[in-house]
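*Asks:* Handing you a structure now.
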Amino acid sequence: MHNLVCTNITKRYKEKEALRQVDLTLESGKIYGLIGRNGAGKTTLLSVMTAQNPATAGTVTLDGQPVWENQPVLDRLCFSRELSASAGSGIAGMKIKDYLRAAATYYPGWDQALAGRLVSAFRIEPKKALGKVNKGMLSAVTITVALASKAEFTFLDEPVAGLDVIAREFFYKTLLDEFAETGRTFVISTHIIEEAAGVFEEVIMLKDGRILCKENTVGLLDRAVQVTGLSEAVDRATAGLECHHAGTVGRSKAVTVLLRDGERIPDGFDVTVQPVNLQQLFVALCGEEGMG
Amino acid sequence: MKVRCWLRLGGEMVLWSVLVALIFLAYNLLRMTGLDLPGLLSVFPYYILFGAAVFSALMGTTAYQTYLPVYLSLGSTRRDAMAGIHLMQLVLTVGCTVLAALLCLLVPGDPAHDLLPLLPAAFFGLLLLAKFGSLLGCGLLTLPRAGKVLCVILVSLFSGAAGFCAFTLVDTLTEQATLSLPTGMTLALAAVLVILLAIEIPWQRRILLRYEVKL
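Structure (structure tokens):
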């Protein structure tokens with residue numbers, strides 16, 4: 010068992026605090042889903058964990074060894090960043106084949122055969138410059154680098170952005186095949202929550218630079234329910250419980266409840282109790298009042 | 023140290039410098055009245071050095087804009103990236119200078135032989151241009167908007183000067199078939215190089231410790 014541990018990570022950009030005293034432990038052999046709203050600090054967290062950005066405070070270690078400026082440790086990590094090779098970007102002129110060749114040089118476990126299969130499956134055009142291809146192909150390139158790197162801890166930031174549904178299905182299948190075969194750890198940051206939910210063994214929710222929860226996905230969903238009914242009945246049924254994201258329409262009310270150990274919605278109230286999916290739970294936990 | 027990508031880049035730039043030299047050679051050929059192959063070959067090393075000069079300055083800047091974020095995103099340490107930039111410039115400079123020296127020794131004719139004593143100065147000159155490019159790259163990354171504008175103006179001036187030098191070089195080599203440099207030029211270039219390094223290294227170190235990867 011290997012552990013990537015973040016201790017008291019803070020990241021500040023001038024006035025804004027992107028990460029606030031984050032403590033997080035990632036265990037090897039799991040697929041984690043990292044979800045949060047835009048600006049919640051997902052990319053910043055991944056960047057700091059992989060030493061691509063320096064933290065303002067705190068430390069990141071892998072099996073007790075610091076990640077920062079430590080090549081043997083960095084060799085075990087891969088953060089395949091979301092590429093946004095716009096015309097003004099420095100990498101816009103770089104050819105895909107050169108980018109992949111550099112990746113092959115840097116990752117000691119690089120699997121050229123797998124990279125070749127993915128390039129072919131995603132119909133990547135290696136001779137094209139990164140700035141000349143569409144968003145889908147850029148995503149395919151980041152996926153190719155992430156999977157072919159064979160890094161023990163692999164981080165993907167919005168890997169399916171811009172991919173069509175067939176390519177997305179192919180990605181999830183390939184990811185699961187790779188996970189089954191190697192037991193590598195994957196951390197996937199995404200906004201397409203419901204589609205990816207089935208892949209996540211654990212989910213990490215980030216809100217305003219803080220970890221809101223890190224929990225087994227099935228366990229989390231098992232204890233989350235939506236209670237609907239007349240406002241008064243819902244209020245009485247959920248009294249004393251951890252309620253989130255209450256919404257009212259006329260006299261009706263719907264509220265998402267996160268039950269703690271041993272808690273349940275009491276019988277005897279005229280309310281409907283339904284399970285919620287990960288996306289609904291995310292909206293309930295992270296949605297701002299007036300936007301949900 | 024993981025600097026293979028940087029070394030490869032330096033090697034590729036040597037090849038690009040040779041390509042530029044071949045283009046100038048072709049241009050020279052067009053200006054000649056008759057085909058003088060030994061004469062043509064004897065000016066080839068000059069053009070290689072000119073190509074190296076252009077790429078030294080360009081790669082200094084491009085290294086920070088393009089390759090640094092890519093290599094750091096692929097798991098390079100900042101220490102290796104810092105060393106890599108210097109090694110890339112050294113490979114380009116040494117590669118082209120050695121190539122020019124070999125040609126000077128192999129090709130018959132005065133122009134090539136005349137270049138041999140100038141090679142130490144050329145070596146330091148190329149490194150100096152590389153550091154000039156590096157400083158511009160650092161400036162583009164860290165300076166406020168006015169500084170960036172200044173860097174862009176300097177790049178434009180350098181490009182203009184390089185173009186002017188190119189045509190002057192061709193004219194001079196076509197007519198006189200040789201170049202000369204003032205005595206003491208090598209030492210002067212080496213001294214300026216030391217000064218530029220003294221500015222670049224602390225600046226580069228400061229940048230790399232705070233650098234945030236964005237692709």
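From first to last, the protein sequence lines stand for chains A and B.
The opening position of the first sequence corresponds to residue 10 in the numbering used here, with each subsequent residue numbered one higher.
The opening position of the second sequence corresponds to residue 23 in the numbering used here, with each subsequent residue numbered one higher.
Where is the CB? At the ideal position from N, CA and C, for every residue including glycine.
Output needed for A:Lys136: all residues of its chain with C-beta closer than 7 Å, excluding positions within five of it in sequence on either side, in chain order.
*Replies:* As a position in the first sequence, residue 136 of chain A is number 127, starting the count at 1. Excluding residues within five positions, the ones whose Cβ falls inside 7 Å are Lys104 and Lys106.
*Asks:* Around the C-beta of A:Glu187, are 16 or more other C-beta atoms found within 10 angstroms, so that it is buried, or is it exposed?
*Replies:* Within the first sequence, the letter at position 178 stands for residue 187 of chain A. Buried.
*Asks:* Is A:His254 buried or exposed, if buried means 16 or more other CB atoms sit within 10 Å of its CB?
*Replies:* For this step, residue 254 of chain A is matched to residue 245 along the first sequence. That one is buried.
*Asks:* Can you name the residues that DSSP bridges to A:Leu86?
*Replies:* Position 77 of the first sequence, counted from the start, is the residue given in the question as residue 86 of chain A. Per DSSP, A:Phe162.
*Asks:* Can the beta-carbon of A:Leu13 be found closer than 8 Å to that of A:Phe162?
*Replies:* Working through the first sequence from its first residue, we reach residue 13 of chain A at position 4. Working through the first sequence from its first residue, we reach residue 162 of chain A at position 153. Yes.
*Asks:* Below 8 Å between beta carbons: does that hold for A:Ala170 and A:Glu224?
*Replies:* For the purposes of this step, residue 170 of chain A is identified with residue 161 of the first sequence, where counting begins at 1. For the purposes of this step, residue 224 of chain A is identified with residue 215 of the first sequence, where counting begins at 1. No, these two residues do not count as a Cβ contact at 8 Å.
*Asks:* Figure out for me which residue from B:Leu137, B:Leu172, B:Leu163 and B:Gly159 has the closest Cα to the Cα of B:Phe66.
*Replies:* Here residue 66 of chain B is taken as the residue at index 44 of the second sequence, counted from 1. When only C-alpha atoms are compared, the closest one is B:Leu137.
*Asks:* Could you tell me whether the Cβ atoms of A:Asp279 and A:Leu239 are closer together than 8 Å?
*Replies:* The residue given as residue 279 of chain A occupies position 270 in the first sequence. The residue given as residue 239 of chain A occupies position 230 in the first sequence. It is a contact, given that the beta carbons lie within the stated cut-off.
*Asks:* Residues of the region 224-236 of chain B in Cβ contact with chain A at a cutoff of 9 Å, in chain order, please.
*Replies:* Correct list: Leu231, Arg232, Tyr233, Glu234, Val235 and Lys236.
*Asks:* Near B:Thr119, which residues of its chain fall below 8 Å by C-beta distance, leaving aside the five closest residues on each side in sequence?
*Replies:* Translated into the one-based positions of the second sequence, residue 119 of chain B becomes position 97. Excluding sequence neighbours, B:Thr119 sits near Leu71, Ala74, Leu141, Ala144, Phe145 and Leu148.
*Asks:* So for A:Val31, helix, strand or coil by DSSP?
*Replies:* Here residue 31 of chain A refers to the residue found at position 22 when the first sequence is read from its first residue. A:Val31: strand per DSSP, three-state reduction.
*Asks:* Three or more C-beta pairs closer than 8 Å, one from the region 289-297 of chain A and one from the region 80-89 of chain B: is that the case here?
*Replies:* They do not touch, by the three-pair rule.
*Asks:* Return the chain-ordered list of same chain residues with a C-beta closer than 8 Å to the C-beta of B:Leu215, the five sequence neighbours on each side being excluded.
*Replies:* Counting from one through the second sequence, the residue named residue 215 of chain B turns up at place 193. Phe146, Leu149, Leu150 and Lys153, listed in sequence order.
*Asks:* When you compare the region 37-57 of chain B with the region 90-106 of chain B, are there three or more beta-carbon pairs, one atom per stretch, that lie closer than 8 Å?
*Replies:* The region 37-57 of chain B vs the region 90-106 of chain B: no contact.
*Asks:* Quick check on B:Leu51: buried or exposed, where buried means 16 or more other Cβ atoms within 10 Å of its Cβ?
*Replies:* Here residue 51 of chain B corresponds to residue number 29 of the second sequence, with the count starting at 1. Exposed is the call here.
*Asks:* Could you list which residues in chain B have their beta carbon closer than 9 Å to that of A:Asn47, in chain order?
*Replies:* Residue 47 of chain A sits at position 38 when you count from the first residue of the first sequence. Correct list: empty, because the minimum Cβ distance to chain B is about 16 Å.
*Asks:* With a floor of 3 residues, list each beta strand (DSSP E) that falls wholly inside the region 103-185 of chain A, ordered by position along the chain.
*Replies:* Within the region 103-185 of chain A, the complete beta strand (DSSP E) runs of at least 3 residues are 162-166.
*Asks:* Can you tell me the Cβ-Cβ gap for B:Ile229 and B:Cys173, rounded? I've got them flagged as a contact below 8 Å.
*Replies:* On the second sequence, residue 229 of chain B is found 207 positions in, with the first residue counted as 1. On the second sequence, residue 173 of chain B is found 151 positions in, with the first residue counted as 1. Wrong, their Cβ atoms sit about 14 Å apart, outside the cutoff.
*Asks:* Nearest-angstrom Cα distance between B:Leu59 and B:Lys236?
*Replies:* Here residue 59 of chain B refers to the residue found at position 37 of the second sequence. Here residue 236 of chain B refers to the residue found at position 214 of the second sequence. Distance between the alpha carbons of B:Leu59 and B:Lys236: 50 Å.
*Asks:* A:Thr114 versus chain B: which residues are under 7 Å apart at the beta carbon?
*Replies:* The sequence position of residue 114 of chain A within the first sequence is 105, counting from 1. Under the 7 Å cutoff, chain B gives Arg26 and Cys27.
*Asks:* Tell me the rounded alpha-carbon separation between A:Gly67 and A:Lys20.
*Replies:* In the first sequence, counting from the first residue as 1, residue 67 of chain A sits at position 58. In the first sequence, counting from the first residue as 1, residue 20 of chain A sits at position 11. So the alpha carbons of these two residues sit roughly 9 Å apart.
*Asks:* Please determine, among A:Tyr116, A:Thr153, A:Gly118 and A:Met10, the residue with the shortest C-alpha to C-alpha distance to A:Phe131.
*Replies:* One-based indexing of the first sequence puts residue 131 of chain A at position 122. For the residues A:Tyr116, A:Thr153, A:Gly118 and A:Met10, the minimum Cα distance to A:Phe131 belongs to A:Thr153.
*Asks:* How many angstroms separate the CA atom of A:Leu55 from the CA atom of B:Thr208?
*Replies:* Position 46 of the first sequence, counting from 1, holds the residue named residue 55 of chain A. Position 186 of the second sequence, counting from 1, holds the residue named residue 208 of chain B. Taking the straight line from one Cα to the other gives about 49 Å.
*Asks:* Tell me whether A:Gly301 sits in a helix, a strand or coil according to DSSP, three-state version.
*Replies:* Here residue 301 of chain A corresponds to residue number 292 of the first sequence, with the count starting at 1. For A:Gly301, the predicted structure reports a pLDDT of 45, less than 50, and the residue's modelled location is therefore unreliable. A value from the coordinates is still provided. Looking at A:Gly301 - three-state DSSP - the assignment turns out to be coil, as it is neither helix nor strand.
*Asks:* Here's the rule: buried if 16 or more other CB atoms are within 10 angstroms of the residue's CB, otherwise exposed. What is A:His11?
*Replies:* Working through the first sequence from its first residue, we reach residue 11 of chain A at position 2. Exposed: under 16 other Cβ atoms inside 10 Å.
*Asks:* Can you tell me whether A:Ser56 is helix, strand or coil according to DSSP?
*Replies:* Here residue 56 of chain A corresponds to residue number 47 of the first sequence, with the count starting at 1. Reduced to three states, the DSSP call for A:Ser56 is helix.
*Asks:* Along chain B, which residues have their Cβ under 8 Å away from the Cβ of A:Ser148?
*Replies:* Counting from one through the first sequence, the residue named residue 148 of chain A turns up at place 139. Ordered by position in chain B, no residue passes the 8 Å Cβ test against A:Ser148, which lies about 13 Å from the chain.
*Asks:* Helix, strand or coil for B:Leu237, going by three-state DSSP, please let me know.
*Replies:* In the second sequence, counting from the first residue as 1, residue 237 of chain B sits at position 215. It is coil, neither helix nor strand.
*Asks:* Let me know if A:Leu83 comes out buried or exposed under the rule of 16 or more other beta-carbons within 10 Å of its beta-carbon.
*Replies:* Counting from 1 along the first sequence, the entry for residue 83 of chain A is found at position 74. Answer is buried; the Cβ neighbour count reaches 16.
*Asks:* Only counting the same chain, and skipping five residues up and downstream in sequence, which positions put a Cβ closer than 7 Å to that of A:Ile128?
*Replies:* In the first sequence, residue 128 of chain A corresponds to position 119, counting from 1. It is worth fixing the name first, because residue 128 of chain A is Val in this sequence and not Ile. Cβ neighbours of A:Val128 beyond the five flanking positions: Pro135 and Thr153.
*Asks:* So the beta strand (DSSP E) A:Gln283 belongs to, where does it begin and stop?
*Replies:* As a first step, residue 283 of chain A is located in the first sequence; it is residue number 274 there, counting from the start. Taken as a continuous stretch (DSSP letters only), the beta strand (DSSP E) holding A:Gln283 covers Val280 to Pro284.
*Asks:* Taking a Cβ distance cut-off of 9 Å, strictly less, list which residues of the region 59-81 of chain A are near chain B, in chain order.
*Replies:* Of all residues in the region 59-81 of chain A, Thr59, Ala60, Gln61, Asn62, Pro63, Trp77, Glu78, Asn79 and Gln80 have a Cβ within less than 9 Å of some Cβ in chain B.
*Asks:* With a Cβ-Cβ cutoff of 8 Å, do B:Glu234 and B:Leu157 count as a contact?
*Replies:* If you number the second sequence from 1, residue 234 of chain B lands on position 212. If you number the second sequence from 1, residue 157 of chain B lands on position 135. Not in contact: B:Glu234 and B:Leu157 (Cβ atoms no closer than 8 Å).
*Asks:* For A:Gly238, report the span of its beta strand (DSSP E) as first-last.
*Replies:* What you label residue 238 of chain A is simply residue 229 of the first sequence in a count that begins at 1. That run of the beta strand (DSSP E) goes Ala233 to Leu239.
*Asks:* Which residues bound the alpha helix (DSSP H) around A:Ala64?
*Replies:* Numbered from its first residue, the first sequence carries residue 64 of chain A at position 55. Counting along the chain, A:Ala64 falls outside any alpha helix (DSSP H), and DSSP gives it neither H nor E.
*Asks:* In three-state terms, what does DSSP make of A:Glu251?
*Replies:* As a position in the first sequence, residue 251 of chain A is number 242, starting the count at 1. Residue state, collapsed to three classes: strand.
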